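> Below you'll find the structure I mean.
Residue numbers (the numbering used here): 216 to 303.
This is the structure:
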């Protein structure tokens, strides 16, 4: 796989780009689990389903909060890479 280019919010290095995409994928997975629990809660009105929904919703929100700072940290580190450096 070729290294990522750097237009806008895409990372310079493939590793940084993959990590940022992994965070977003984990957010989506947690949101999907929360939606599933919300459906169960609506159907059964159980306290357990409500607790699961709240837990996954909270986890997804916390993971989403990590995305911005993680990307900013990677951009700061990648800014130290001299221009013209081959990244493969």
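We treat Cβ as the ideally placed atom computed from N, Cα and C, and that holds for glycine. Nothing here was measured: the structure is a model prediction, and the numbers come from that model.
For residue 234 and residue 291, which I take to be in contact (beta-carbon distance under 8 Å), what is that distance rounded to the nearest angstrom?
Position 19 of the chain shown, counting from 1, holds the residue named residue 234. Position 76 of the chain shown, counting from 1, holds the residue named residue 291. Between residue 291 and residue 234 the Cβ distance is about 14 Å, and since that is not below 8 Å, they are no contact.
> Decide if residue 257 is buried, meaning its Cβ has at least 16 other Cβ atoms within 10 Å, or exposed.
What you label residue 257 is simply residue 42 of the chain shown in a count that begins at 1. So residue 257 counts as exposed.
> Alpha carbon to alpha carbon, what distance is there between residue 288 and residue 249?
Translated into the one-based positions of the chain shown, residue 249 becomes position 34. Translated into the one-based positions of the chain shown, residue 288 becomes position 73. The straight-line gap from Cα to Cα measures roughly 29 Å.
> Going by C-alpha to C-alpha distance, which of 267, 244, 245 sits closest to residue 255?
Counting from 1 along the chain shown, the entry for residue 255 is found at position 40. Among 267, 244, 245, the Cα nearest to that of residue 255 belongs to 267.
> Look at the alpha carbon of residue 245 and the alpha carbon of residue 271, and state the distance between them as a whole number of angstroms.
Working through the chain shown from its first residue, we reach residue 245 at position 30. Working through the chain shown from its first residue, we reach residue 271 at position 56. Roughly 6 Å separates the two Cα atoms.
> My assumption, with CB atoms under 8 Å, is that residue 231 sits in contact with residue 293. Please give the rounded CB distance.
If you number the chain shown from 1, residue 231 lands on position 16. If you number the chain shown from 1, residue 293 lands on position 78. Going by Cβ atoms, the distance from residue 231 to residue 293 rounds to 6 Å, so yes, they are a contact pair.
> For residue 239, I'd like the list of residues in its chain whose CB is within less than 8 Å of its CB, leaving aside the five on either flank, ordered along the chain.
Here residue 239 refers to the residue found at position 24 when the chain shown is read from its first residue. Apart from sequence neighbours up to five positions away, the residues of its chain that approach residue 239 with a beta-carbon distance below 8 Å are 282, ordered along the chain.
> Just mark residue 280 as buried or exposed, buried being the case when its beta carbon has 16 or more other beta carbons within 10 Å.
Residue numbering aside, residue 280 sits at position 65 when the chain shown is read from its first letter. The residue is exposed, with fewer than 16 neighbouring Cβ atoms inside 10 Å.
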